[in-house]
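> One structure, as structure tokens, below. Some questions next.
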Amino acid sequence: MMNIKEIQEEIVDEFSMFDDWMQRYEYIIELGKNLPLIQEEYKTDDNLIKGCQSKVWLKGEQVDDKIVFTADSDAILTKGIIAILIRVFSNQKPSDIIDAEMSFIDEIGLKEHLSPTRANGLVSMIKNIKMYALAFNSKN
19 MMNIKEIQEE IVDEFSMFDD WMQRYEYIIE LGKNLPLIQE EYKTDDNLIK
69 GCQSKVWLKG EQVDDKIVFT ADSDAILTKG IIAILIRVFS NQKPSDIIDA
119 EMSFIDEIGL KEHLSPTRAN GLVSMIKNIK MYALAFNSKN
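In structure tokens form, the structure reads like this:
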């Protein structure tokens, strides 16, 4: 099992293969198709991420000592963005998620190529993932 840093490095490598942002957007949308989908019954207001322009639902469940995330979005690009975050943080220990560096987002240039509302949404997604980790961490 790869750790958070290794997964982030892998994503940075993948993004460096593309010459322009149109290709990167297409790739993000592709990644969204492999998103571990949240079950319909969890598509509730409680699991809705506030601060996103489109609807994004996120659920974290503790499995042994790790958190497994599922999500969905009604927008294809947003779905891809949350898919990237879930790839990085799902199946990781809460303490590792809390301590995780997020510099890979700047390295792939994601934030600067999103509209301001989408960039805010990205920040909200990360905040929610880290809040799950904090909650599970304090429970243990």
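Just so we're on the same page, our numbering is the position in the sequence shown counted from 1, plus 18.
All C-beta atoms, glycine included, are put in the ideal place defined by N, C-alpha and C.
The structure presented is a predicted model; accordingly, all values stated were derived computationally and were not measured.
On the criterion of 16 or more Cβ atoms from any shown chain inside 10 Å, does L55 qualify as buried, or is it exposed?
Taking the sequence shown and counting its residues from 1, the one referred to as residue 55 is at position 37. Exposed, since its Cβ has fewer than 16 Cβ neighbours within 10 Å.
> DSSP three-state label for S91, please.
Residue 91 sits at position 73 when you count from the first residue of the sequence shown. Strand, per DSSP.
> Is A89 closer than 8 Å to I102 when the C-beta atoms are compared?
Start at 1 with the first residue of the sequence shown, and residue 102 comes out as number 84. Start at 1 with the first residue of the sequence shown, and residue 89 comes out as number 71. Against a cut-off of 8 Å, the Cβ pair of A89 and I102 comes out as no contact.
> Excluding sequence positions up to five away, which residues of its chain have a Cβ less than 7 Å from the Cβ of K111?
For the purposes of this step, residue 111 is taken as the residue at position 93 of the sequence shown. The residues are D83 and K84.
> Run the CB neighbour count on S133, radius 10 Å, all protein chains shown included, and call it buried at 16 or more, exposed below.
As a first step, residue 133 is located in the sequence shown; it is residue number 115 there, counting from the start. It counts as exposed.
> Using three-state DSSP, classify E24 as helix, strand or coil.
Here residue 24 corresponds to residue number 6 of the sequence shown, with the count starting at 1. E24 falls in the helix class under three-state DSSP.
> Considering only DSSP beta bridges, list what V74 is partnered with.
Numbered from its first residue, the sequence shown carries residue 74 at position 56. In the DSSP output, where bridge partners are listed per residue, V74 has S91.
> Classify L53 as helix, strand or coil using the three-state DSSP reduction.
Taking the first residue of the sequence shown as 1, we reach residue 53 at position 35. Coil, per DSSP.
> Under 8 Å by Cβ, that's how I've got K68 and S142 pegged, so tell me the actual separation to the nearest angstrom.
Position 50 of the sequence shown, counting from 1, holds the residue named residue 68. Position 124 of the sequence shown, counting from 1, holds the residue named residue 142. Confirmed, Cβ separation roughly 6 Å.
> Drop a sphere of 10 angstroms on the beta-carbon of K145, count the other beta-carbons inside from all chains shown, and report buried for 16 or more, exposed for fewer.
The residue labelled residue 145 in the question sits at position 127 within the sequence shown. Exposed: under 16 other Cβ atoms inside 10 Å.
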